[in-house]
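For any residue, its number in our numbering is found by taking its place in the sequence shown, counting from 1, and adding 4. Ideal Cβ positions, reconstructed from N, Cα and C, are used throughout, including at glycine.
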Amino acid sequence: MEVDVFNYLRLTLILIMKKATFGLLLLLCTVVYTQDNYPKDAFRSPMDIPLILAGSFGELRSNHFHSGIDIKTQQRQGLPIHAIGDGTVTRIKIAHWGYGKVIYIAHPNGYTSVYGHLQKFSPEIEDYIKKVQYKKRSYEVEIFPDFGEVKVDIGQIIAYSGNTGSSSGPHLHFEIRSSISEKPTNPLLYGLEVLDATNPSLVKLFGYPLSEDAQINNGSTRTAINFKRQKDGTFKADDVTAIGTIGFGMVAFDRQDLAANKNGIYSATQTINGKVFSEYIFETFSFLETRYINTLIDYDYYGKYRQKIQKLFKTSSNKLSIYSQLYNNGKIEIKEGLDYNVEILLRDFEGNKVKAIIPVHGKREVLKNIHETEKTENFIIAKKPNNYDLGAANVYFPSNTFYDNFYIDLKKGKDTVTIHNSRVAAHRNFTITFDVSKYSKEERKQLFIARLGKNNKPSYSSTYKRGETFTTRTRNLGTYTLAKDTIAPKIKASNFKEKQWLNNYSYLRLRISDDLSGIDSYSATLNGEWILMEYEPKKNTITYNFDDKILDKKDCTLKVEVTDNVGNTATFTSTFYRK
5 MEVDVFNYLR
15 LTLILIMKKA
25 TFGLLLLLCT
35 VVYTQDNYPK
45 DAFRSPMDIP
55 LILAGSFGEL
65 RSNHFHSGID
75 IKTQQRQGLP
85 IHAIGDGTVT
95 RIKIAHWGYG
105 KVIYIAHPNG
115 YTSVYGHLQK
125 FSPEIEDYIK
135 KVQYKKRSYE
145 VEIFPDFGEV
155 KVDIGQIIAY
165 SGNTGSSSGP
175 HLHFEIRSSI
185 SEKPTNPLLY
195 GLEVLDATNP
205 SLVKLFGYPL
215 SEDAQINNGS
225 TRTAINFKRQ
235 KDGTFKADDV
245 TAIGTIGFGM
255 VAFDRQDLAA
265 NKNGIYSATQ
275 TINGKVFSEY
285 IFETFSFLET
295 RYINTLIDYD
305 YYGKYRQKIQ
315 KLFKTSSNKL
325 SIYSQLYNNG
335 KIEIKEGLDY
345 NVEILLRDFE
355 GNKVKAIIPV
365 HGKREVLKNI
375 HETEKTENFI
385 IAKKPNNYDL
395 GAANVYFPSN
405 TFYDNFYIDL
415 KKGKDTVTIH
425 NSRVAAHRNF
435 TITFDVSKYS
445 KEERKQLFIA
455 RLGKNNKPSY
465 SSTYKRGETF
475 TTRTRNLGTY
485 TLAKDTIAPK
495 IKASNFKEKQ
505 WLNNYSYLRL
515 RISDDLSGID
525 SYSATLNGEW
535 ILMEYEPKKN
545 TITYNFDDKI
555 LDKKDCTLKV
565 EVTDNVGNTA
575 TFTSTFYRK
């Protein structure tokens with residue numbers, strides 16, 4: 005009875021959200037969250053197949069933590085997705101990237117479930133969203149149905165699995181969030197069953213001298229630590245000599261049964277002589293803090309080797325709330341003549357674990373590997389705004405763009421400028437402004453700001469054109485230039501030919517592509533009426549479904565227009581027949 009009353013109160017709080025002040029919301033979020041006990045029998049599985057994970061909650065992704073679990077769909081699309089509980093649809097979004105087609109369902113017990121990368125929705129919801137798409141004449145839409153307008157029952161099919169958005173293969177991205185705070189929580193906390201008797205894997209260990217006088221194994225730089233597996237399954241590292249304030253980091257992953265994917269670990273605990281110095285658990289986090297993942301990992305190492313070392317110590321710029329225990333921020337004060345037993349325990353959600361033991365001896369030795377800071381003419385003070393004139397462009401860093409102070413490497417140029425390198429993470433957007441006064445108005449139409457990647461290949465950076473200046477906002481350091489795109493996109497029929505009878509066809513498909521600046525927009529009409537074309541940028545296809553029933557005669561004229569990011573436009577027309 006107490007649970008029913010509490011759930012009723014939580015539902016009432018959800019209904020109050022739209023009218024509550026921000027201060028009241030903060031209070032409500034705190035009250036609900038502290039009483040949240042993760043009900044294990046309230047929800048069913050979103051799928052009828054055994055749950056095998058391609059990605060775990062909290063997994064380290066590019067600039068963010070994974071906010072759900074990725075459920076394998078047997079390398080197929082079109083498997084039914086079920087509502088995990090009674091509820092109401094509160095949000096539907098369709099986008100080219102991100103979650104692709106995604107649906108959000110609020111449940112009476114105070115949680116919201118999220119289902120992403122969908123192929124399509126159930127017929128009722130599909131009709132509902134298509135009316136919006138045709139009204140707005142846009143494939144990409146986002147709507148927030150009124151509470152109770154689109155209700156669903158537990159077990160009801162709400163959609164079918166797919167590969168839309170930024171998905172790299174067919175799967176279901178599934179989340180459970182607090183309906184009030186919107187903080188995602190680990191879906192496995194709610195009783196979903198995943199077979200897992202496999203221990204996490206430890207790949208690498210590293211030591212970090214953190215104070216000016218610190219050293220590890222004759223060096224004052226990041227140091228790799230060798231280790232071997234012992235008979236009892238634990239790992240034993242080679243003896244480490246150190247002095248001063250030091251920290252440790254590791255590269256690790258986890259696997260569930262029946263899957264080869266290298267997923268993220270659930271928790272990491274570091275103890276020194278039996279005392280817990282640091283522990284973090286991927287139970288929940290806030291979207292507002294997720295970008296601070298760049299302070300949890302060694303970003304310099306990641307920028308150079310594309311491998312994520314997770315630090316077991318917390319730096320001053322780290323604002324993450326994932327830590328359950330911290331002593332001295334996980335940093336270890338090593339004194340001359342004393343011995344320290346460092347243990348690192350990695351666990352997955354099911355409690356499978358692996359332990360590494362690092363013997364540390366307090367001893368100062370002659371330095372062989374000395375850390376030398378690469379100094380340049382310009383020193384960034386992270387807490388202050390910084391502005392630089394690079395000739396062809398001006399770059400402005402707002403305060404707190406970066407996590408730490410550092411020497412920044414800047415190179416001037418006539419049309420190209422270099423802003424450091426990819427081994428430093430930016431937390432906030434900064435602006436790059438190019439002077440284009442030397443170009444005519446006609447030339448400017450085809451120019452854009454591009455970031456140069458491998459082999460100096462340019463990629464479009466969103467360019468805002470204002471008179472004689474072009475500006476882009478970005479978080480990516482690197483080399484930027486002015487590029488010119490004079491070639492219109494290409495459009496080609498994929499599954500039909502001119503004047504072909506298409507009576508037995510269920511869809512029309514075309515391929516669209518652009519060689520440089522990229523596709524900005526596309527539009528299509530059939531016999532003069534706008535039609536919905538679904539764009540799949542990973543495959544460069546746009547598709548029209550004949551079920552939309554736009555046709556009213558057998559002679560059909562299709563017209564497609566595609567525009568790139570500088571305004572070059574291509575037009576495709578074709579005639580076909582259909583009864």
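Starting from residue i, follow its DSSP beta bridges and name the residues at the other end.
{"i": "Asn345", "result": "Pro363"}
{"i": "Asp439", "result": "Thr473"}
{"i": "Ile523", "result": "Asp568"}
{"i": "Pro462", "result": "Leu456"}
{"i": "Tyr176", "result": "With the sequence shown as reference, residue 176 is identified as Leu, and Tyr is not the correct amino acid for it. In DSSP, Leu176 forms a bridge with Ile75."}
{"i": "Arg233", "result": "Phe239"}
{"i": "Leu555", "result": "Paired residues: none, contrary to the question."}
{"i": "Arg513", "result": "Thr547"}
{"i": "Gly91", "result": "Val156"}
{"i": "Pro84", "result": "Tyr164"}
{"i": "Lys501", "result": "Paired residues: none, contrary to the question."}
{"i": "Glu337", "result": "Thr249"}
{"i": "Asn382", "result": "Ile412"}
State the Cα-Cα distance for the pair residue i and residue j, rounded to the nearest angstrom.
{"i": "Tyr305", "j": "Asn298", "result": "11 Å"}
{"i": "Arg455", "j": "Tyr484", "result": "4 Å"}
{"i": "Asn499", "j": "Leu512", "result": "7 Å"}
{"i": "Lys543", "j": "Ser517", "result": "9 Å"}
{"i": "Ser395", "j": "Thr437", "result": "Position check: residue 395 holds Gly in this sequence, whereas Ser was assumed. Roughly 10 Å between the two C-alpha positions."}
{"i": "Gln160", "j": "Tyr119", "result": "13 Å"}
{"i": "Lys308", "j": "Arg141", "result": "44 Å"}
{"i": "Cys33", "j": "Leu555", "result": "Low local confidence applies: a pLDDT of 39 at Cys33 is under 50, so the model's placement there is unreliable, with the coordinate-based value given in what follows. Answer to the nearest angstrom: the Cα atoms are 51 Å apart."}
{"i": "Asp671", "j": "Gly211", "result": "Nothing about residue 671 can be reported from this structure: the residues present for the chain run from 5 to 583 only."}
{"i": "Thr478", "j": "Ile220", "result": "37 Å"}
{"i": "Arg582", "j": "Lys105", "result": "30 Å"}
{"i": "Leu31", "j": "Thr189", "result": "Model confidence at Leu31 stands at a pLDDT of 35, short of 50, so the residue's coordinates are unreliable; what they give is reported in the following sentence. Leu31 and Thr189: Cα-Cα distance of roughly 19 Å."}
{"i": "Lys240", "j": "Asn203", "result": "17 Å"}
{"i": "Glu446", "j": "Val564", "result": "26 Å"}
{"i": "Thr577", "j": "Lys494", "result": "13 Å"}
{"i": "Pro363", "j": "Ile109", "result": "50 Å"}
{"i": "Ile73", "j": "Ser171", "result": "13 Å"}
{"i": "His86", "j": "Val93", "result": "13 Å"}
{"i": "Tyr464", "j": "Glu146", "result": "25 Å"}
{"i": "Glu216", "j": "Val207", "result": "28 Å"}
{"i": "Ile535", "j": "Ala528", "result": "6 Å"}
{"i": "Thr249", "j": "Phe401", "result": "32 Å"}
{"i": "Ala574", "j": "Arg432", "result": "36 Å"}
{"i": "Phe26", "j": "Asn113", "result": "The predicted position of Phe26 is uncertain, since its pLDDT is 33 and thus under 50; a value taken from the coordinates is nonetheless stated next. Those two C-alpha atoms are separated by around 22 Å."}
{"i": "Gly482", "j": "Arg310", "result": "16 Å"}
{"i": "Asp236", "j": "Ser403", "result": "51 Å"}
{"i": "Lys388", "j": "Asn409", "result": "10 Å"}
{"i": "Asn269", "j": "Val198", "result": "With the sequence shown as reference, residue 269 is identified as Ile, and Asn is not the correct amino acid for it. Answer to the nearest angstrom: the Cα atoms are 15 Å apart."}
{"i": "Asn425", "j": "Asp413", "result": "8 Å"}
Go to residue i, then tell me how far its alpha helix (DSSP H) extends in each direction, as first and last residue.
{"i": "Leu300", "result": "Ile297 to Leu300"}
{"i": "Glu130", "result": "Pro127 to Lys140"}
{"i": "Lys105", "result": "Segment Lys105 to Ala110 is the beta strand (DSSP E) holding Lys105; no alpha helix (DSSP H) there."}
{"i": "Asp304", "result": "Tyr303 to Tyr309"}
Please report the Cβ distance between residue i and residue j, rounded to the nearest whole angstrom; I am assuming they are in contact, meaning their Cβ atoms lie under 8 Å.
{"i": "Ile133", "j": "Ile98", "result": "7 Å"}
{"i": "Asn480", "j": "Asp524", "result": "Actually they do not touch by this definition, with Cβ atoms about 20 Å apart."}
{"i": "Leu520", "j": "Ala487", "result": "7 Å"}
{"i": "Ile56", "j": "Ala246", "result": "That pair is no contact at about 42 Å."}
{"i": "Ile158", "j": "Asp90", "result": "5 Å"}
With residue i as the anchor, note down where its beta strand (DSSP E) starts and where it stops.
{"i": "Tyr400", "result": "Ala397 to Phe401"}
{"i": "Arg448", "result": "Where Arg448 is concerned, there is no enclosing beta strand (DSSP E), although the alpha helix (DSSP H) it sits in stretches over Lys445 to Lys449."}
{"i": "Gly532", "result": "It is not in any beta strand (DSSP E) - Gly532 carries neither H nor E in the DSSP assignment."}
{"i": "Phe281", "result": "Lys279 to Ile285"}
{"i": "Pro204", "result": "Careful: Pro204 lies outside any beta strand (DSSP E) and carries neither H nor E."}
{"i": "Asn433", "result": "Here Asn433 belongs to no beta strand (DSSP E), and DSSP marks it neither H nor E."}
{"i": "Ala58", "result": "Leu57 to Gly59"}
{"i": "Lys416", "result": "No beta strand (DSSP E) contains Lys416, which DSSP labels as neither H nor E."}
{"i": "Val370", "result": "Where Val370 is concerned, there is no enclosing beta strand (DSSP E), given that its DSSP letter is neither H nor E."}
{"i": "Gln329", "result": "Tyr327 to Leu330"}
{"i": "Asp393", "result": "Asn390 to Asp393"}
{"i": "Asn322", "result": "Element bounds for Asn322: n/a, residue is neither H nor E."}
Exercise for review: Answer yes if the segment 384-401 comes into contact with the segment 420-433, meaning at least three C-beta pairs across the two stretches below 8 Å, and no otherwise.
Suggested key: Inter-segment contact for the segment 420-433 and the segment 384-401 is present: three or more beta-carbon pairs are separated by less than 8 Å.
Check your understanding: Using 8 Å as the Cβ pair cut-off and three pairs as the minimum, do the segment 272-280 and the segment 44-63 touch?
Key -> Counting Cβ pairs under 8 Å, fewer than three are found: no touch.
**Study point:** Meets three-Cβ-pair contact criterion under 8 Å: the segment 281-298 and the segment 314-328
**Key:** Between the segment 281-298 and the segment 314-328, the count of Cβ pairs shorter than 8 Å is three or higher; the stretches touch.
Review point. Would the segment 152-168 and the segment 75-82 be scored as touching if the rule is three or more Cβ pairs under 8 Å?
Key: Output reads yes: the segment 75-82 touches the segment 152-168.
Check your understanding: Is the segment 330-346 close to the segment 364-371, with three or more CB pairs under 8 Å?
Key -> Under the 8 Å Cβ criterion, the segment 330-346 counts as touching the segment 364-371, having at least three qualifying pairs.
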